[in-house]
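Quick mapping for you: the protein sequence lines, in order, are chains A and B.
Start counting the first sequence at 143; every next residue gets the next number (the numbering used here).
Start counting the second sequence at 143; every next residue gets the next number (the numbering used here).
Note that beta-carbon positions come from the ideal geometry of N, C-alpha and C, so glycine has one too.
2 protein chains.
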Amino acid sequence: MNPILYAGEQREKNLSELVTFLSLPTISTLSEHRADVQRGAEWVAENLRAMGMENIAIMPTAEGRGQPLVYADWLHADDAPTILVYGHFDVQPVDPLNEWRTPPFEPTVIDDTIYARGASDMKAQTLAVMKALEALLKTNSLRVNVKVIVEGEEEVGSPNFASFLREHKELLKCDVALNTDSQMAGRDIPSIVYGLRGLCYFEIWVHGPAQDLHSGLFGGSIHNPAQVLCDLISGMHDANGRVTLPNFYADVRALSDDERAELKRFPVTDESWANAAGVKELWGEKNFSVVERTGARPTLEVNGLYAGFIGEGSKTVLPAKAMAKISMRLVPNQRPEKIRQQLEAYLRAHAPNTVTWNVKQLASGEPVLLNRDSRFVRAASEALQETFGVAPVFQLLGWSVPITNSLNDELGIDVVVMGFGLADDGTHGPNEHFYLPNFYRGIESYIRFFENASSK
Amino acid sequence: MNPILYAGEQREKNLSELVTFLSLPTISTLSEHRADVQRGAEWVAENLRAMGMENIAIMPTAEGRGQPLVYADWLHADDAPTILVYGHFDVQPVDPLNEWRTPPFEPTVIDDTIYARGASDMKAQTLAVMKALEALLKTNSLRVNVKVIVEGEEEVGSPNFASFLREHKELLKCDVALNTDSQMAGRDIPSIVYGLRGLCYFEIWVHGPAQDLHSGLFGGSIHNPAQVLCDLISGMHDANGRVTLPNFYADVRALSDDERAELKRFPVTDESWANAAGVKELWGEKNFSVVERTGARPTLEVNGLYAGFIGEGSKTVLPAKAMAKISMRLVPNQRPEKIRQQLEAYLRAHAPNTVTWNVKQLASGEPVLLNRDSRFVRAASEALQETFGVAPVFQLLGWSVPITNSLNDELGIDVVVMGFGLADDGTHGPNEHFYLPNFYRGIESYIRFFENASSK
């Protein structure tokens, strides 16, 4: 039987598995969900076992202090290529819970869309590639060797993934990796990602008085650290939407004319993007399109702000300290170490003597630029064209998938990045969702990719 | 027996009562402490009863929805003046609790200082005036009529006090009010307050995208509401430390040369003030001394800031909204209604079209300027001079005591403001404390005030 037909017959079962998978609260960032993450690993392992994958193992990371990772393989295609498939089964926290219209771990299908935490990031895609392998295995059609790793701590920044790769180089030996944690250009326009932004994430504290003061008693005579923090943050962008950290743009790789032309294929207009975000008007760096701003240009965002009294009502406090979580998205060839130096140089230059400050780095990931022209990229491109009837857009992804770097760096192999989420899926926020037709087309695309990869 | 001698003999008992009073967690802003506030009212009522005050009543406010107030009187001085004494027994919340060196409701005496929430604001002072009345009553020396009100919701802004005064005008009829919620100029330099700053307290929300977004996906293309809020706050002061709201200073009463000279008597240097606050360096409006900045000039402070993710670790969120709690201290003749208009005009002028915003007013109080030259002010001035051996400084207080306005406005009477806290007592913050020698000198001063008030 043709594996595409097989997958078609399994739609109902596959959807029901997706619902089960999404109902597991596998929140890796919260220690109270540790057992749920373990259950997630067991569910994935069992699913891989049932379809005929072999050497299933739930592998601890960081000697058991990290979250587990599931490994499986099928290596009976002789000297055909070996493909390492990557996905993750952990998800983000759900706060603010009161903004969810349906419970985050009670997956709810409304029309063609399934709502649940992790629907788009990335259980639907992880399961899609698994169900593609199942279709190939059940129809005896798998003609490449496959190794699968499904990670359980991507949402905390994959802290143990690189060392895991280092420690298991022999086990994970392969010709190419397929990273399924990615998005499409639009509902009906697939994409292949050839660049991902890096990340630097900082917590900045500004310290003023020794303790919280009465604002009536001291107000007007002490430099309020919340005000100083606002001054500092406000100064981090200029009127053109550019980041003002010294030399921030010095190492940024310029886009070629070809790339800018390809990025124009993206079915995104200012209006559609504003609608997706729910804003009246866009903002950003002058002279760059929204696609360029979100993929090809580095950015600086405030992720959190805190100072003083934020409960209900009024408290007349002059806060002792103020905090901001700030992160930068980096593009080739920016380096996280340099960004930290630039941030500290900015703070040294602009923080007044009335306060002290310190910076804590919470995360770091290099930007990455992949090979756009390999047999495996062609295999993916043709699989997508065949499934969707349109050539995929070559895309620069806005966010970090540090594991792409790790696969690149630690195993020294190319990575094909092909996924089926959408920009407006609400990942990391309330009411995360996934467009179900692309769950099924995702399965088909992965089936065709594995088929094409063997024959070229 | 002389009432001063009597009070001297009662020191130990008075201190022990202060410890009991301070151990009651009468936090009026938190509904879970409602029963404690009620117990506080009962404790005050019983204390007043025991000393010989009459017509004791625990009176509900806002038909029982507010916090209770204790009333008592002693009206046997015939046609001598009637003095209405004001104090409050409620206290601020204790957060951040982990910064307290001793438990906030286990009063701890270290050397000459007692540590507890409410020690300075204002149970020591409330009890001092009560113990002064006790000394006068127990020695048959009270020669004025006295009415006492001890409020239970000053720390939530006395929302029901003005209407309480209106409803009980006949009961509260008097010649002058004594407000004991005040401070000294220094440990050994008493003061009489003739002006208090008003207050406007706002919560400002800036709304950007419809919901929290993934900062890697949308970062760089959407105006981050936390960044916009920082821009707005940053713009609220200029480089000279002046508030930039339109016409903010238009109605500010200028100080006379006499007043500026009198304020110079304040035993505060830039260095001592910086030490009290625990900062390296002061800040504020150019061309004004620290005493003027904190009493005679209007200010704008950030009391709280919130946006996005503020828990432990990193979450790459582009927040949907950001909030600041901001309050202005007003001086005569600024009006709260105008300040709100100025704030809204500022936001209309400076908020970009990429966001929406709204303002919620949480508190409001007029600034007040009192009569500096009445028989009761002289009675207070001489009482303080006799007790401390130095003439009191006439002072402009930095904060709001809305009840001073209410007494002024609703009862149409003068108010004498005389209290014994210190600027560095840590009111509203952790480790609040009170210098005990001024508890005893406060009692003596109040005794002498009541004596002087009858004879002039």
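Separation of A:G362 from A:R176, as counted between CA atoms: 48 Å
What are the boundary residues of the alpha helix (DSSP H) that includes A:Q527?
517-530
Please confirm whether A:E296 has its beta-carbon closer than 7 Å to some beta-carbon of chain B.
no
Whose Cβ in chain B lies nearer than 8 Å to the Cβ of A:G455? T171, V298, L504
- Could you tell me if B:I555 is buried or exposed, where buried requires 16 or more neighbouring beta carbons within 10 angstroms of its beta carbon? buried
Run through chain B and tell me which residues come within less than 9 Å of A:G584, C-beta to C-beta.
By Cβ distance, chain B contributes nothing, its closest Cβ being about 19 Å from A:G584, past 9 Å.
Could you check whether the Cβ of A:E423 sits closer than 7 Å to any Cβ belonging to chain B? yes
Next item on the list: Output, in chain order, the set of chain A residues within a Cβ distance shorter than 8 Å of B:P509.
Entry: Neighbours of B:P509 on chain A: none; closest Cβ ~11 Å, over 8 Å.
Closer than 7 Å by C-beta to B:Y577: which residues in its own chain qualify, once you throw out the five before and the five after it? Chain order, please. D254, T255, R329, L564
Between the stretch 355-372 of chain B and chain A, which residues of the former have CB atoms less than 8 Å from a CB of the latter, in chain order? L355, H356, S357, G358, L359, F360, G361, G362, S363, I364, H365, N366, A368, Q369, L371, C372
Taking 7 Å as the CB-CB limit, is B:R105 close to chain A? Because chain B is modelled from 143 through 598, residue 105 of chain B falls outside the range shown and cannot be assessed.
Name the chain B residues whose beta carbon is nearer than 7 Å to that of A:F451? N445, G446, K467
From A:P534 to A:L526, what does the alpha carbon distance come to, in whole angstroms? 6 Å
Between A:R471 and chain B, is there a C-beta pair that is closer than 7 Å? yes
What residue ranges within the stretch 305-378 of chain A form continuous alpha helix (DSSP H) runs of no fewer than 4 residues, ordered along the chain? 357-360, 367-376
Practice task
Put A:A222 into one of helix, strand or coil per three-state DSSP.
Solution key: coil
#### Entry: Reference A:V233, options A:A219, A:P461, A:Q180, A:E413, closest by Cα
A:Q180
ask   = What residues from chain B crowd round A:Q353, counting only those whose CB sits closer than 8 Å?
value = E241, G420, G568, G571, P572, N573
Could you tell me which residues DSSP puts in a beta bridge with A:R471?
A:L341, A:T441
Let me see if you follow: with CB-CB separation under 7 Å, is B:A565 close to chain A or not? yes
Requested in this report: Any chance you could list the alpha helix (DSSP H) runs of at least 4 consecutive residues sitting entirely within the stretch 144-172 of chain A, in chain order?
Outcome: 145-151, 153-164
Query raised in the report: Taking the alpha-carbon positions, what's the A:A327 to A:R583 distance?
Result: 14 Å
Expressed to the nearest angstrom, what Euclidean distance is found between the alpha-carbon atoms of A:L397 and B:K467? 43 Å
Local conformation of A:Q503 per DSSP, three classes: strand
- Item | Own chain partners of A:Q325 with C-beta closer than 6 Å, once the 5 adjacent residues on each side are dropped | G561, G563
Q) What's the call for A:K457, buried or exposed, on a 16-neighbour Cβ count within 10 Å? A) buried
inquiry  = Less than 7 Å between CB atoms is the rule here; does B:N495 satisfy it with respect to chain A?
reply    = yes
| said: Quick check: what's the CA-CA separation for B:D263 versus A:I169? | reply: 45 Å
Original post:
Measuring CA to CA, which of A:P579, A:G568, A:I545, A:Y588 is closest to A:E295?
Top reply: A:I545
Worksheet item: Could you give the C-beta distance for B:V271 and B:V227, rounded to a whole number, given that I count them as a contact under 8 Å?
Response: 6 Å
(request) Spell out whether any CB of chain B is found under 7 Å from the CB atom of A:L269. (result) no
Cβ-based burial, A:E443 [other Cβ within 10 Å; buried from 16]: buried
Between B:Y343 and B:S173, how many whole angstroms is the CB-CB distance? I'm expecting something under 8 Å. That belief does not hold up - the Cβ atoms of B:Y343 and B:S173 are roughly 20 Å apart, past 8 Å.
### Query
A:Q503: which of A:R490, A:R517, A:R482, A:L489 sits nearest, CA to CA?
A:R482
| said: DSSP three-state label for A:Q209, please. | reply: coil
**Prompt:** Using a Cβ-Cβ distance under 7 Å, would A:W541 count as near chain B?
**Reply:** yes
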